[in-house]
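Each residue of the sequence shown is one higher than the one before, counting from 150 in my numbering.
Glycine included, every Cβ here is placed at the ideal spot set by N, Cα and C.
Owing to the predicted nature of the structure, the values given are computational and were not obtained by experimental measurement.
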Amino acid sequence: FHGNQIPFRHRPLQAAPADILAVAAMSLVVALFVILFMRALRTGGAGLAKLLPHPPARAVLGGLLVGCVVVAFPAVRGEGYHLVRSLLDGGAGQALGMMLILVLMKILATAMTLGSGGSGGVFAPSLVIGALSGYLFHGLLCMLFPAAVFAAAPLFILAGMAGTISGTLGAPLTGIFLVVEITGGYDVILPLLVISFLTYTLVRLAERHSIYQYELAEKGLLLRPRTDARILADIPLTELLERDLVPVYPDMPLATLIPRIHRSRRNHFPVEDRSTGRFLGMVNFVDVKEFLFDDAMARTVLVEEVMRSDAPIVGAGESLPQVLSVFDRTGAWSLPVVEGDRFLGLISKSTILDHYRKELKIQTEV
């Protein structure tokens with residue numbers, strides 16, 4: 150912890166118009182590294198999980214891979230703040246080719262660490278990747294345009310850090326102000342603004358979600374305000390259940406069930422085990438229609454012979470979007486809701502749509 154001290158001090162900088170244009174061009178390079186970083190994080194974790202399903206084995210392999218990288222390239226060890234300070238102080242002393250290799254090795258080491266279940270995050274690696282990217286781009290500029298005069302390398306290092314944070318986290322303002330606060334770089338805030346918003350825009354063209362949003366989006370849990378998914382998520386499934394259904398039993402003759410159908414306003418009846426109360430299936434009016442006027446058959450046929458034991462069900466913990474997907478897949482209008490092996494109630498499309506309309510009205514009036 151540095152308290153009120155600035156962890157990454159640097160000498161005062163000034164950005165000329167040519168430097169701002171160069172920083173804008175650098176956003177292409179930074180965005181490329183950010184996209185590579187994000188995809189490496191995703192594929193690294195998924196690849197290791199597929200190769201080694203057991204977490205201990207995955208941790209061992211990940212540790213070995215990261216260890217090999219660190220032994221070969223010690224500069225990428227740890228959080229990398231020592232490398233950022235070295236770059237800002239101008240003491241890196243590395244060829245541009247080595248800078249590129251260090252960027253790639255830092256991406257690889259981070260992906261293997263997180264993908265194998267190791268502890269850590271993406272903030273510190275993003276700073277290191279951004280600092281290396283800025284140093285690399287400044288070196289390329291000086292090599293390609295030896296007669297041109299550009300600002301010192303720290304300007305591009307700070308810009309690379311801001312751009313990488315903005316693109317990876319999907320938060321350009323956060324990237325700008327974090328870098329300004331930890332470096333004291335208020336004198337170059339304009340270049341930071343330029344590269345942060347350009348990098349953010351370029352990355353979003355290739356990656357729809359930030360590194361934090363991607364996993365939620367994959368699970369269907371990234372809910373935007375006032376979207377169907379958001380509105381439905383605000384409606385608990387248990388509040389929509391029709392609970393006044395009369396249970397019937399598998400050993401019950403249809404002659405006993407039919408009078409209940411006449412007296413009930415429901416067409417669906419849950420079938421439960423008489424002794425344990427375990428849910429066994431559903432029976433409805435259509436299943437017994439042919440026995441309504443055949444008393445002899447109704448006295449001999451049992452509920453278990455006509456009930457639907459394979460009726461689609463939904464769990465009490467499922468969300469309404471998940472329930473609607475079951476409706477779409479099965480073509481049913483009503484579905485039984487169970488918790489464990491207990492019947493809780495019935496959910497119908499009409500009930501969901503009615504509450505959706507009410508919730509939509511409430512949210513649009515806010």
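Should residue i and residue j be called a contact, given that it needs their Cβ atoms to be closer than 9 Å?
i	j	result
PHE186	THR262	no
GLY196	GLY264	yes
LEU289	LEU245	yes
LEU281	VAL328	no
ALA171	PHE286	yes
VAL277	GLY316	no
LEU304	ASP168	yes
GLY279	MET310	yes
LEU162	ALA297	no
HIS504	ILE314	no
LEU469	LEU381	yes
LEU389	ILE511	no
ILE325	MET175	no
GLY568	HIS358	Here the chain comprises residues numbered 150 to 515, so residue 568 is not present and cannot be evaluated.
GLU467	LEU386	yes
Terminal residues of the continuous beta strand (DSSP E) containing residue i?
i	result
LEU495	491-497
GLY430	428-433
LEU389	Run containing LEU389: none; DSSP gives neither H nor E here.
PHE418	417-421
Using three-state DSSP, classify residue i as helix, strand or coil.
i	result
TYR505	helix
HIS287	helix
HIS411	helix
GLU454	helix
VAL486	strand
GLU467	coil
PRO166	helix
VAL397	strand
PRO274	helix
PRO340	helix
PRO402	strand
ILE511	helix
ASP444	helix
PRO303	helix
LEU347	helix
PHE294	coil
GLY227	coil
ALA198	helix
ILE462	coil
ALA171	helix
ALA481	coil
PHE150	Because PHE150 sits at a pLDDT of 43, beneath the cut-off of 50, its placement in the model cannot be relied upon, and the point is left open.
THR449	helix
SER315	helix
THR500	helix
THR425	coil
VAL193	Going by the sequence as given, residue 193 is Gly instead of Val. Correct three-state label for GLY193: helix.
GLY269	coil
Kindly indicate the opening and closing residues of the alpha helix (DSSP H) around residue i.
i	result
HIS358	Counting along the chain, HIS358 falls outside any alpha helix (DSSP H), and DSSP gives it neither H nor E.
HIS231	230-237
LEU249	245-264
GLU330	321-332
VAL219	204-221
Between the Cα of residue i and those of the options, spot the shortest distance and give me the residue it belongs to.
i	options	result
LEU232	GLY283, ASP400, MET292, ARG415	GLY283
GLY269	ARG226, GLU454, CYS217	ARG226
TRP482	PRO166, ASP490, LEU502, ALA198	LEU502
MET401	LEU386, LEU451, SER359	LEU451
ALA445	PRO470, LEU403, VAL435, ASP459	LEU403
ILE256	VAL179, VAL298, ILE325	VAL179
SER275	GLY239, VAL183, ARG478, ILE384	VAL183
ALA208	ASP459, ILE331, ALA221, GLY193	GLY193
ARG191	ARG457, ASP490, LEU365	LEU365
THR332	ILE462, ARG234, GLY211, LEU293	ARG234
ALA221	LEU210, GLY211, PRO204, ILE250	ILE250
GLU391	VAL219, GLY489, ALA465	ALA465
ARG491	ILE462, LYS510, ILE511, ARG506	ILE462
MET254	ALA189, ALA206, PRO295	ALA189
TYR349	ARG457, ARG412, ALA173	ALA173
LEU307	ASP238, GLY216, PHE434	ASP238
Quick one: does the C-beta of residue i sit closer than 8 Å to a heavy atom of the ligand ADP?
i	result
LEU318	Here there are no bound small molecules, and the ligand ADP is not part of this structure.
Within the chosen definition, does the region 420-429 reach the region 383-402 through at least 3 CB pairs nearer than 8 Å? Touching, yes.
Between the region 434-444 and the region 401-411, are three or more C-beta pairs nearer than 8 Å? Touching, per the Cβ criterion.
Taking three-plus beta-carbon pairs below 8 Å as touching, is the region 198-207 in contact with the region 331-345? Contact fails: fewer than three Cβ-Cβ distances are below 8 Å.
Should the region 464-475 be called in touch with the region 414-424, which here means at least 3 C-beta pairs below 8 Å? Verdict: no, contact absent.
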